[in-house]
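Position 188, counted from 1, in the sequence shown is what numbering that gives the first Met the number 0 calls 187; the numbers after and before it change by one each time, with no gaps. For each residue, glycine too, the CB sits at the ideal point set by N, CA and C. Only a predicted model underlies this, so the values are computations on that prediction, with no experimental measurement involved.
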Amino acid sequence: MNDTIEDLAASLPSPACAWIWEPDALRERARAVAAALPTATVLYAMKACANPAVLAAAVDACDGIECASAGEAAAAIDAGADRIALSGPAKTAAECNLAAEFPDRILVHAESATELHRLAEAAYTGPVALRVNRGPALPGSHRMTGPATPFGIAADDVPETAETARRLGLNVVGFHLHAVSNCLDAAAYAAHVAGGLDWAREAAAASGVDLRYVNVGGGLGADPRGQVIDLDLLADLLARLDHDGIELAVEPGRYLAAPAGTYLTEITDLKTVDGQAIAVVRGGTHHFRLPAAWGYAHPFTLIATDTWPHPWPRPRLDEVDLRVCGELCTPRDVLNTGRHVASAAVGDRLLFAGAGAYGWEISHDRFLAHPRPLQITLDGPY
Ligand SMILES: Cc1ncc(COP(=O)(O)O)c(C=O)c1O
Numbered sequence: 000m001n002d003t004i005e006d007l008a009a010s011l012p013s014p015a016c017a018w019i020w021e022p023d024a025l026r027e028r029a030r031a032v033a034a035a036l037p038t039a040t041v042l043y044a045m046k047a048c049a050n051p052a053v054l055a056a057a058v059d060a061c062d063g064i065e066c067a068s069a070g071e072a073a074a075a076i077d078a079g080a081d082r083i084a085l086s087g088p089a090k091t092a093a094e095c096n097l098a099a100e101f102p103d104r105i106l107v108h109a110e111s112a113t114e115l116h117r118l119a120e121a122a123y124t125g126p127v128a129l130r131v132n133r134g135p136a137l138p139g140s141h142r143m144t145g146p147a148t149p150f151g152i153a154a155d156d157v158p159e160t161a162e163t164a165r166r167l168g169l170n171v172v173g174f175h176l177h178a179v180s181n182c183l184d185a186a187a188y189a190a191h192v193a194g195g196l197d198w199a200r201e202a203a204a205a206s207g208v209d210l211r212y213v214n215v216g217g218g219l220g221a222d223p224r225g226q227v228i229d230l231d232l233l234a235d236l237l238a239r240l241d242h243d244g245i246e247l248a249v250e251p252g253r254y255l256a257a258p259a260g261t262y263l264t265e266i267t268d269l270k271t272v273d274g275q276a277i278a279v280v281r282g283g284t285h286h287f288r289l290p291a292a293w294g295y296a297h298p299f300t301l302i303a304t305d306t307w308p309h310p311w312p313r314p315r316l317d318e319v320d321l322r323v324c325g326e327l328c329t330p331r332d333v334l335n336t337g338r339h340v341a342s343a344a345v346g347d348r349l350l351f352a353g354a355g356a357y358g359w360e361i362s363h364d365r366f367l368a369h370p371r372p373l374q375i376t377l378d379g380p381y
C-alpha cells in the first residue's frame, strides 16, 4: 500500500516505466465543467485518453462520449455509454453501419455530403448534425475552422447539404461546430458558444432545419505546461445564454483527461556532454509523444531513490539543468529540454504529471520494440 503517487513511483521495480491513471481526477474536472455550464450536455472526447478506467469514469461522470471512429464507439458502447456522438472526417461504411445498429444511442456528426450518402446506404435512422466550418478561427493550439480544413462543410453549403440530407431521408437535428483545441481564452470561447448558437439559429432558418441540437465542440484549454481556461469567467460570460428548446453540447477532451494521467520513468544513464547534463530514461516520447509533437518541455518532479545494487559508483550530478531524453535513437526524443534539479542520480524516478490528454494516446510505442510501460490505475486513496 502506498500513501502517495511518489511512494508508488519509488516502489516500482527497476527500471521503472509506467503510465499512472487517476480516474477521480477526470470526475473532478467533469464536475467543474458541469458547474460552469449547468444547462449544457457534456460529452467526453475520448480521443484525449481512452484508458479503460478513465473512459469508465467519463461514462459515469459525463452525459455521453464523443468518438472519432468505429473503434472508439465500440469501446464506448462496451463501457456502457448510452449517448455517443460519432465525429471524425471521412467516415467509412463500417462506421456508418455501426451507427445504424445503434440509432437510439449514436448521433452522427456528418462531415460531408458523401458521408450523408453512406449513412443513407447504411439505413441509419438516428439523428444527424452537420459539421460546419463557420469560422472565425479561435485562439488555441489546433485551429480547425476559419481557413479551409478537412473538417466539416463550408457555411455557404449548409442549405444544399441540408436539402441532400432531406432527400436521403436523414433526420438533421442541428450542427456541430468544433473549432479548436486547447483554447485558454475564456472570453473568446464564450463568444464562440454564443456566436455559434446565433449562427445555428440563422442557418437552420435559412435551410429548413428544425433546430434541436448545437454542439460547439471541445477545446476547453488545459495546457500541458500548466495553464487552464478560466471556467469561472466562462460561466459568468455565459450565465444568461438562452438556448431554450435547443440542446447545447460541449465535448471537451483535454480539459477532462489532462490531470488523470502521469508518466513515470527512471533515469537509466546520466552524462555531461559539452557542459549539458543529460539524463536518459527508460521510456521516452514513444510513450509520451506530446512534448516532441509540440516542442515544449514537460515539467517533472524527481523522486530520489536510495538503492544502488551494483559494486561500481552510482552516477550522480548536483545542481544542474537536466535535459531529459528518452531511449530512442533520435535526437527528437526529448521530454524536457532543461530543468534545474538539486541532484539527480541513476535510478531516480521522474514523474511527468498532467500528461493524461493526448499523451499515451498519440504515441508510437511500437518504435524500436522496447518494453511497453506498465499501466497502473489508482482508484481513490492508494
Ligand atoms: C471533433 C472534436 N471534438 C472534440 C475534440 C476535443 O478537443 P479538446 O481535447 O481540445 O477538448 C477534438 C479534438 O481535436 C475534436 O476533433
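| Item | Value |
| --- | --- |
| Please classify Ser111 as buried or exposed, where buried requires at least 16 other C-beta atoms within 10 Å of its C-beta. | buried |
| Is Tyr381 helix, strand or coil by DSSP? | Only weak support exists for where Tyr381 lies, its pLDDT of 42 falling under 50; the coordinates are left without a value. |
| Could you compute how far the alpha carbon of Arg200 sits from the alpha carbon of Leu210? | 7 Å |
| Please go through the segment 27-105 and give each complete alpha helix (DSSP H) segment of 4 or more residues, from N-terminal end onward. | 51-60, 69-77, 92-100 |
| Can you look up Thr163 in the DSSP assignment and give me helix, strand or coil? | helix |
| Taking only heavy atoms of ligand 1 into account, decide whether any of them is closer than 7 Å to the Cβ of Arg133. | no |
| Quick check on the DSSP output: the alpha helix (DSSP H) that includes Glu201 runs from which residue to which? | 185-206 |
| I'd like the list of long-range same chain contacts for Pro149, defined as Cβ closer than 6 Å, with 5 residues on each side in sequence excluded. | Pro88 |
| Classify Val32: buried if its beta carbon has 16 or more other beta carbons within 10 angstroms, exposed otherwise. | buried |
| Is DSSP giving Glu318 helix, strand or coil here? | strand |
| Please confirm whether any heavy atom of ligand 1 lies closer than 7 Å to the CB of Leu115. | no |
| Under DSSP, the alpha helix (DSSP H) around His116 begins and ends at which residues? | 112-120 |
| If we ignore side chains and look at the alpha-carbon of each, how far apart do Leu232 and Ile4 end up? | 32 Å |
| According to DSSP, which residues form a beta bridge with Cys16? | Thr264 |
| Under 7 Å from any heavy atom of ligand 1, does the C-beta of Gly217 make it? | yes |
| Just list the residues that DSSP pairs Arg130 with in beta bridges. | His175 |
| What does the alpha-carbon distance come out to for the pair Arg338 and Val279? | 14 Å |
| Is Val323 helix, strand or coil by DSSP? | strand |
| For Tyr212, tell me which candidate among Ala203, Leu219, Glu360 has the shortest Cα-Cα distance. | Ala203 |
| Quick check: is any heavy atom of ligand 1 less than 7 Å from the C-beta of Arg142? | no |
| For the alpha helix (DSSP H) that Leu236 lies in, which residues bound it at each end? | 230-236 |
| When DSSP builds the beta bridges, which residues end up paired with Phe351? | Tyr262 |
| Rank Ala52, Pro158, Arg322 by C-alpha distance to the C-alpha of Gly207 and give the top, closest one. | Pro158 |
| Which of the three DSSP states is assigned to Arg338 in this structure? | strand |
| Do the segment 350-364 and the segment 283-292 touch if we need at least three Cβ pairs shorter than 8 Å? | yes |
| Exposed or buried, what is Pro370 when buried is set at 16 or more other beta-carbons lying within 10 Å of its beta-carbon? | exposed |
| Quick check: is any heavy atom of ligand 1 less than 7 Å from the C-beta of Asp88? | A quick correction: the sequence has Pro, not Asp, at residue 88. Flag unset: Cβ of Pro88 not near ligand 1. |
| Within a Cβ cutoff of 6 Å, which residues of the same chain sit near Pro380, ignoring the five residues on either side of it in sequence? | Residue confidence is low: Pro380 scores 44 on pLDDT, short of 50, so the model does not pin down where it sits. No coordinate-derived value is stated. |
| So, for Leu247: in the same chain, excluding its five sequence neighbours on each side, which residues have a beta-carbon less than 6 Å away from its beta-carbon? | Ala39, Val213 |
| Quick one: Cα of Leu385 to Cα of Ala35, how far? | The requested residue 385 does not occur in the structure, where the chain is confined to residues 0 to 381. |
| Would you mind reading off the limits of the alpha helix (DSSP H) that contains Tyr254? | 253-256 |
| State yes or no: is the C-beta of Val171 within less than 8 Å of the C-beta of Ala161? | yes |
| Would you kindly work out how many angstroms separate the C-alpha atoms of Asp305 and Cys95, rounded to a whole number? | 56 Å |
| Cβ atoms of Arg281 and Pro14: under 8 Å apart, would you say? | yes |
| Report yes if the C-beta distance between Ala221 and Val227 is below 8 Å; otherwise report no. | yes |
| Does DSSP put Leu11 in a helix, in a strand, or in coil? | coil |
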